[in-house]
Amino acid sequence: MPENIDFNCALLGQGLARECDAKLLTDALSVLQEQGLYAFFLYLKVCGKEPGQKMSDECVHFLERIPKDAPLFSNGRNGAVFQKLQKIAESIDDILFARDLLMQALVYARYHAKAKGGDKL
572 MPENIDFNCA
582 LLGQGLAREC
592 DAKLLTDALS
602 VLQEQGLYAF
612 FLYLKVCGKE
622 PGQKMSDECV
632 HFLERIPKDA
642 PLFSNGRNGA
652 VFQKLQKIAE
662 SIDDILFARD
672 LLMQALVYAR
682 YHAKAKGGDK
692 L
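At position 117 of the sequence shown (counting the first as 1) the number is 688 in our numbering, and the numbers step up by one without a gap.
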């Protein structure tokens, strides 16, 4: 049975909506869309708060297991997120695919946040 990657993005989005407020979700999505994958993770690190770190950790974990047959990030704790980004930078297709997956997950997260009656988007 083929892997449903969009459903996995929806699950990640649902989890992110539980951990983060709508402002952080919106700001992170904006950085990802306008500046790219590296800037997204750097922004979450600069936030320096627990929700930003949780979002970063969840996104890294997601990219370590998606897609199942060839995860975009190397698995395990063998390096910081920026080392994983350096490795993925060897393939423009992988960078763009990872960015698209995270953008989809953040869009779903924003919808989940709005559905639960959180902050206005």
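Cβ atoms here follow ideal geometry from the backbone N, Cα and C, with glycine treated the same way.
Pick out whichever of 681, 665 and 666 has its Cα sitting closest to the Cα of residue 583. 681
Quick one: what's got a C-beta closer than 8 angstroms to residue 608's C-beta in the same chain, skipping five residues either side? 656, 659, 666, 669, 670 and 673
According to DSSP, simplified to helix, strand and coil, what is residue 640? coil
May I ask which residues mark the beginning and end of the alpha helix (DSSP H) holding residue 580? 576–590
Distance check for residue 687 and residue 646, CA to CA, integer angstroms please. 33 angstroms
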